[in-house]
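Residue numbers (full-length UniProt numbering): 1 to 342. Here is the structure we will look at, set down as structure tokens.
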Ligand SMILES: NC(=O)C1=CN([C@@H]2O[C@H](COP(=O)(O)OP(=O)(O)OC[C@H]3O[C@@H](n4cnc5c(N)ncnc54)[C@H](OP(=O)(O)O)[C@@H]3O)[C@@H](O)[C@H]2O)C=CC1
Ligand SMILES: CC[C@](O)(C(C)=O)C(=O)O
Ligand SMILES: [Mg+2]
Ligand SMILES: [Mg+2]
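Here it is in structure tokens:
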């Protein structure tokens, strides 16, 4: 079994007396900045003036420009959207990095695909939480944590791994497990997971189930409860005790249906498609497409996003959640919905 490290075996020495700049205050940024502060570290957030700046100030965090925060820091954690990192790095981070500082990422995309090429006189590593930033914050506040991967790309100081481990511990990952990997493995598995299973695979499965039921004449509300709402309750059981625990709780009828019908839906053909997705990630085809999409201001991204926000499952879901006061997004972006033809 791979070596998974926990709080008891991780030293805090690697971060001792270091000033940490967290660049960005979005999903991961706010979680790292607040968790690091509450773990006793000296944190400055690097931002441009705007919504996040105001929020960070409101949260009582020290905020400076990206250039200033970088210049005063021993550890610089880059938590900007992946597609924006190369420009901000070139304009505001690169020239301000102290010799011997650590340049850190939560995802290996830009280093692995050579969109950022760091100077030789800094440590470069990643601390990649295996969960959404808002949950990195929420679980930390509850005394728990989200697991994280660490990987060292460049070890100028000879202390890069120790610093990475101490950082992972400080954001709460040592409570759940910290595992060493490489930039390549983190980048490729993370992209694959979000595309084929966690986000892309799941949303496609949910929509296909909802559409199958509603196209057969069943009520959208019934289809919503069946294919989306109940998913959380089922996944919680898997999270707590694996597939076995979920199957313990469901009826034997459901378990028999799981065994005989699940593989009819997700089958060898699906796996072949998954292998194609993985191949595009490994060969850089996906990365190239995403970089180009951003260079032309995201026409496809925006069009698909708009269409998805108007899918009937979203419409009925909004209505039903209004009537369930205990179901509330604790952190959400405002969704722009166009009230078009349907
Ligand atoms: N989201 C997640 O849960 C996970 C993300 N990661 C990785 O973490 C990194 C951060 O992702 P995520 O947290 O989703 O990012 P977000 O999209 O949530 O980050 C947005 C933040 O970046 C700031 N920002 C954007 N552009 C600029 C700019 N030009 N100058 C200064 N600040 C800017 C925004 O400020 P403003 O308000 O001014 O726009 C905001 O504070 C990525 O590498 C991602 O792959 C890894 C694991 C999970
Ligand atoms: C699953 C999506 C993710 O990889 C994550 C929350 O871990 C991301 O990039 O946001
Ligand atoms: Mg991920
Ligand atoms: Mg990701």
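For glycine and all other residues, C-beta sits at the position ideal for the given N, C-alpha and C. Predicted model only: the values in this text are computed from it and were never measured.
Closer than 7 Å by C-beta to residue i: which residues in its own chain qualify, once you throw out the five before and the five after it? Chain order, please.
i, result
"residue 112", "183, 184 and 187"
"residue 124", "103, 111, 118, 153 and 154"
"residue 234", "246"
"residue 18", "74 and 75"
"residue 327", "321"
"residue 137", "30, 31, 34 and 35"
"residue 316", "220, 221 and 224"
"residue 335", "Low local confidence applies: a pLDDT of 48 at residue 335 is under 50, so the model's placement there is unreliable, with the coordinate-based value given in what follows. Within the same chain, residue 335 has close Cβ partners 309."
"residue 269", "none"
Excluding sequence positions up to five away, which residues of its chain have a Cβ less than 8 Å from the Cβ of residue i?
i, result
"residue 12", "166, 169 and 170"
"residue 7", "169, 174 and 175"
"residue 121", "99, 100 and 156"
"residue 160", "102, 123, 124, 125, 152 and 154"
"residue 55", "25 and 30"
Helix, strand or coil: which one does DSSP assign to residue i?
i, result
"residue 76", "strand"
"residue 341", "Here the model assigns residue 341 a pLDDT of 31, short of 50, so the residue's position is not dependable, and the following value carries that caveat. In this structure, residue 341 counts as coil in the three-state DSSP scheme."
"residue 323", "coil"
"residue 265", "helix"
"residue 235", "helix"
"residue 119", "coil"
"residue 253", "helix"
"residue 113", "coil"
"residue 216", "coil"
"residue 289", "helix"
"residue 27", "helix"
"residue 228", "helix"
"residue 131", "coil"
Starting from the Cα of residue i, find the closest Cα among the options and give me that residue.
i, options, result
"residue 139", "257, 32 and 250", "32"
"residue 173", "135, 55 and 203", "135"
"residue 200", "93, 305 and 263", "305"
"residue 89", "258, 116, 108 and 68", "116"
"residue 46", "59, 20, 3 and 148", "20"
"residue 265", "231, 212 and 230", "212"
"residue 278", "325, 240, 217 and 196", "196"
"residue 181", "130, 260, 253 and 307", "130"
"residue 224", "14, 240 and 203", "203"
"residue 314", "229, 198, 37 and 107", "229"
Could you pull the DSSP bridge partners for residue i from this structure?
i, result
"residue 62", "44"
"residue 105", "78 and 126"
"residue 21", "44 and 76"
"residue 180", "150"
"residue 4", "179"
For residue i, I'd like the list of residues in its chain whose CB is within less than 6 Å of its CB, leaving aside the five on either flank, ordered along the chain.
i, result
"residue 52", "25"
"residue 288", "none"
"residue 227", "206, 209 and 210"
"residue 57", "63"
"residue 274", "196"
Quick one: measure Cβ to Cβ for residue i and residue j, integer angstroms, because I've assumed they're closer than 8 Å.
i, j, result
"residue 83", "residue 290", "7 Å"
"residue 64", "residue 43", "About 11 Å; that fails the 8 Å criterion."
"residue 164", "residue 127", "6 Å"
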